[in-house]
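Here's the structure, in structure tokens; my notes come after.
2 protein chains.
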Amino acid sequence: MNEPTAMRSEIGQQPAALRATLDALTPRGGEAAALARDCRQVLFIARGTSDNAAVYGSYLLQAHAGMLATLASPSIATEYHSRMDLSGVLAVALSQSGATEEIVETLAWARDCGARTLAITNGGGSPLTQVADVAFVTAAGAELAVPATKTFTTQLAALAVLAIALGADLDPGLLRGVPDEIERMLAGPDDTAAIVDAMTGAAGVVVSGRGHAYAAALELALKLKEACYLHAMGLSWADLLHGPIAVVDAATPAIIVAADSGPALPGSIELARRVVAAGARAYAIGGGPGLAAVSSLAVPGPQLPEWLAPLGLIVPGQLLTEALSRRLGIDPDSPRGLSKVTQTA
Amino acid sequence: MNEPTAMRSEIGQQPAALRATLDALTPRGGEAAALARDCRQVLFIARGTSDNAAVYGSYLLQAHAGMLATLASPSIATEYHSRMDLSGVLAVALSQSGATEEIVETLAWARDCGARTLAITNGGGSPLTQVADVAFVTAAGAELAVPATKTFTTQLAALAVLAIALGADLDPGLLRGVPDEIERMLAGPDDTAAIVDAMTGAAGVVVSGRGHAYAAALELALKLKEACYLHAMGLSWADLLHGPIAVVDAATPAIIVAADSGPALPGSIELARRVVAAGARAYAIGGGPGLAAVSSLAVPGPQLPEWLAPLGLIVPGQLLTEALSRRLGIDPDSPRGLSKVTQTA
Chain A
1 MNEPTAMRSE IGQQPAALRA TLDALTPRGG EAAALARDCR QVLFIARGTS
51 DNAAVYGSYL LQAHAGMLAT LASPSIATEY HSRMDLSGVL AVALSQSGAT
101 EEIVETLAWA RDCGARTLAI TNGGGSPLTQ VADVAFVTAA GAELAVPATK
151 TFTTQLAALA VLAIALGADL DPGLLRGVPD EIERMLAGPD DTAAIVDAMT
201 GAAGVVVSGR GHAYAAALEL ALKLKEACYL HAMGLSWADL LHGPIAVVDA
251 ATPAIIVAAD SGPALPGSIE LARRVVAAGA RAYAIGGGPG LAAVSSLAVP
301 GPQLPEWLAP LGLIVPGQLL TEALSRRLGI DPDSPRGLSK VTQTA
Chain B
346 MNEPTAMRSE IGQQPAALRA TLDALTPRGG EAAALARDCR QVLFIARGTS
396 DNAAVYGSYL LQAHAGMLAT LASPSIATEY HSRMDLSGVL AVALSQSGAT
446 EEIVETLAWA RDCGARTLAI TNGGGSPLTQ VADVAFVTAA GAELAVPATK
496 TFTTQLAALA VLAIALGADL DPGLLRGVPD EIERMLAGPD DTAAIVDAMT
546 GAAGVVVSGR GHAYAAALEL ALKLKEACYL HAMGLSWADL LHGPIAVVDA
596 ATPAIIVAAD SGPALPGSIE LARRVVAAGA RAYAIGGGPG LAAVSSLAVP
646 GPQLPEWLAP LGLIVPGQLL TEALSRRLGI DPDSPRGLSK VTQTA
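Protein chains in written order, with the working numbering: chain A, 1 to 345; chain B, 346 to 690.
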């Protein structure tokens, strides 16, 4: 009768954290819209888990709001002190703590270069909120485990609010339904046990996704590196086919993360087929019956449209990471070498 | 008395390929400048090795030409068929063959969205050159080995020509000196043998770099995945500290790639110290005596300024990959699962 880990508890807190975040931020869409009135594009500033959230935001804005949205290289600001004209740019910085100096400094740099600035952070009153024109503070509550879970999914929710505010052709009612769907997933049996068993002896793993699901694949790869010390390589579907598919083999499976619908799904099914044909194992998270049918093992994903699927797709990945970490004798709450606020500046 | 592999021959052809490429492209800087006259930013379109070259281009333009330069997500064009306003954007597509449909289609999409378009390719007359307003055709000659070597370094040279044409405060005379410096490196003893020996039993490896050297680190990680089937994780210095440093251990060394000078060097030295303190081994490529002193093994980098260092830093990485691949019983010219022109569309 072990106590549940903080990580496991925080995974379970996600429905409540998402409801509180949507309650707090949905009414503030107008502020973001006003701020971005003269902006033609978005530039994300982030590291680590927040960087994976930014990838989600970039797909949402580009696929659904018709706005160019790409990722900044913070060292251009912090190391090279470059000056450029960022008028017409909405700079969006993401940081769980709001205290990582490199991110604060890069957002201040963007502001000084003429950008409008918005912060998405769980750190109310943090230095990042002081620099930003508008701060979207997520309501995840205190996160004690070092691997981020609820601060990640609430960042995704904040990005969905932002995309809708900036004109994305997406139904806010569907976004409101996400906490219920994650609650439903968490209430059911944990389907990840077979994958945890199979991965106990894995030397490494490739985690792949395409389109909106790519962000969830990158985040799962990061979790597996952080909490399981696994050689986890997060790769887009296309990048994987462009070379490193050579790396999958009997001891190196692929986890393929996919929404149950959308234009990226056929390619994800084809990728699973190629992985299995190469003599490796393919584990599916989501992707519906089509992906499950060609995969070695599969867990169902959320019943959500493609643009919201990443919020639910990461949940089985979090459960899998937490269970595998314990199985490997690691404390998932405090992996080696990490602290909660990372300073890289 | 084995025949040298095609990959080893092509590594040796880089000085000549670079000279021919600079001869062909340097006179054409004015065309690129005219094309980009009304452009405020650059958007790179690429996959795989070409994506790593694009990272180099983005740092050059942002650190030295004061222009925002970021990477596109091709699936926004090819899967989501998004429409957006790209007026004022110079879209730069990189593809060794110029025949990868996904890249051709994405450059055509950028053009249709109002961008100016430039291609950098080794494929003269390829479909990519048909779509682009201006085509910079590199003069690498035929490349037979699947892992790209001379087509990568000539892409970097083309990007340096482009950055100078777009106003970067960089000395073209130093660029002209790169082929001689790579020739000098190749004429000396191969210093990578000790690292090849040490890596023969490695389960995985982290390859890290910061600033301009980050592109060379990403490219070395890709080479090690492609030709050695290694679990090679290419990570920026900051992203590595933000979590996955947990992954280094006695069986998982870090290769740290750094120029001999520049603002990124102190952080690279600090990273090597942290890797060694964590009980793992750190292998340095470049970084001068400061990085070598704190690393487990070290090979010297090129005698080039930081902005040109990636062209030379990748050379020991190529030699290391080719030798390790053979040591592991792999044919580096034809790794499993790969063909020369990858279609991902």
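For each residue, glycine too, the CB sits at the ideal point set by N, CA and C.
The structure presented is a predicted model; accordingly, all values stated were derived computationally and were not measured.
Cβ-Cβ distance between Tyr56/A and Gly211/A below 8 angstroms:
no
Given that Ala264/A touches chain B, what residues does it touch there, using C-beta distances under 8 angstroms?
Ser420 and Glu424
According to DSSP, is Gln735/B part of a helix, a strand, or is it coil?
Examination of residue 735/B is not possible in this model, given that chain B is present from 346 through 690 alone.
Express the C-alpha separation of Ile120/A and Gly98/A in angstroms, rounding to a whole number.
8 angstroms
Val299/A, enclosing beta strand (DSSP E) - first and last residue:
Leu297 to Val299
Return the chain-ordered list of same chain residues with a C-beta closer than 7 angstroms to the C-beta of Ala690/B, the five sequence neighbours on each side being excluded.
Caution is warranted here: a pLDDT of 39 is assigned to Ala690/B, below 50, making its placement in the model unreliable, and the coordinate value is therefore given only provisionally. These residues qualify, in order along the chain: Thr423, Glu446, Glu447 and Glu450.
Against Arg385/B, what residues of chain A qualify as contacts under a CB-to-CB distance less than 7 angstroms, listed in chain order?
Asp85
Buried/exposed call for Thr149/A, threshold 16 Cβ in 10 Å
buried
Does the separation of the CB atoms of Cys228/A and Leu328/A fall below 8 angstroms?
yes
Count the other CB atoms within 10 Å of the CB of Arg116/A; is the residue buried (16 or more) or exposed (fewer)?
buried
Closest Cβ-Cβ distance between Pro495/B and chain A: below 8 angstroms?
A small correction: the amino acid at residue 495/B is Lys; Pro does not occupy that position in the sequence shown. Judged by the 8 angstroms Cβ criterion, Lys495/B is not in contact with chain A.
Which residues in chain A sit within 7 angstroms of Ser427/B, going by Cβ to Cβ distance?
Gln62, Ala63 and Gly66
Chain-ordered neighbours of Gly556/B on chain A, where CB pairs are closer than 8 angstroms:
Ser75, Glu79 and Tyr80
Does Leu249/A come out as helix, strand or coil in the three-state DSSP assignment?
At residue 249/A the sequence reads Asp, which differs from the Leu that was named. Residue state, collapsed to three classes: strand.
Between Ala538/B, Leu575/B and Gln386/B, which lies nearest to Ala203/A when the distance is taken from Cα to Cα?
Leu575/B
For Glu571/B, which residues from the same chain have a beta carbon less than 6 angstroms from its beta carbon, with the 5 sequence-adjacent residues on both sides left out?
Pro492 and Pro680
Using the Cα positions of Val479/B and Glu376/B, report the straight-line distance between them to the nearest angstrom.
7 angstroms
According to DSSP, what are the bridge partners of Ser236/A?
Gly209/A
Under 8 angstroms between C-beta atoms, does Thr689/B make it to chain A?
Bear in mind that the predicted position of Thr689/B carries a pLDDT of just 49, short of 50, making it unreliable; the figure below should be weighed with that in mind. By this cut-off, Thr689/B is an interface position.
Note down, one range per segment and in chain order, each alpha helix (DSSP H) of at least 4 residues found wholly within the stretch 598-686 of chain B.
610-622, 633-639 and 654-672
Leu174/A touches chain B at which residues, Cβ-Cβ below 9 angstroms?
Residues of chain B passing the Cβ test: none, with the nearest at roughly 18 angstroms.
Using CA coordinates, which residue listed in Ser553/B, Gly459/B, Ala668/B and Ile421/B is at the minimum distance from Ala539/B?
Ala668/B
Stretch pair the stretch 278-292 of chain A + the stretch 309-317 of chain A: three plus CB contacts closer than 8 angstroms
yes
Rounded separation between Leu71/A and Pro263/A - CA only
23 angstroms
Ala254/A burial status per 10 Å Cβ neighbour count (16 or more: buried)
buried
So, at 6 angstroms on beta carbons, what are the nonlocal neighbours of Cys458/B in its own chain, with the 5 sequence-adjacent residues on each side left out?
Met429 and Leu431
Using the beta-carbon count (16 or more within 10 Å), is Met346/B buried or exposed?
Because Met346/B carries a pLDDT of 44, less than 50, the predicted location of this residue cannot be relied on, and the following value inherits that uncertainty. Exposed is the call here.
Going by DSSP, which residues form a beta bridge with Gln386/B?
Leu413/B and Val434/B
Can you tell me which of Leu649/B, Gln386/B, Val387/B and Ser354/B puts its alpha carbon nearest to the alpha carbon of Pro524/B?
Leu649/B
Let me know the secondary structure DSSP gives Leu166/A once reduced to three states.
coil
Sheet register partners of Ala119/A (DSSP bridge)
Ala93/A and Ala135/A
For Asp536/B, report the span of its alpha helix (DSSP H) as first-last.
Run containing Asp536/B: none; DSSP gives neither H nor E here.
Strictly below 9 angstroms CB to CB, what residues from chain A border Tyr404/B?
Ser73, Ser75, Ile76 and Tyr80
Pull up the distance between the alpha-carbon of His426/B and that of Val506/B, whole angstroms please.
32 angstroms
Val131/A to Gln96/A span [Cα, whole Å]
15 angstroms
From what residue to what residue does the alpha helix (DSSP H) around Ser354/B run?
Ala351 to Gly357
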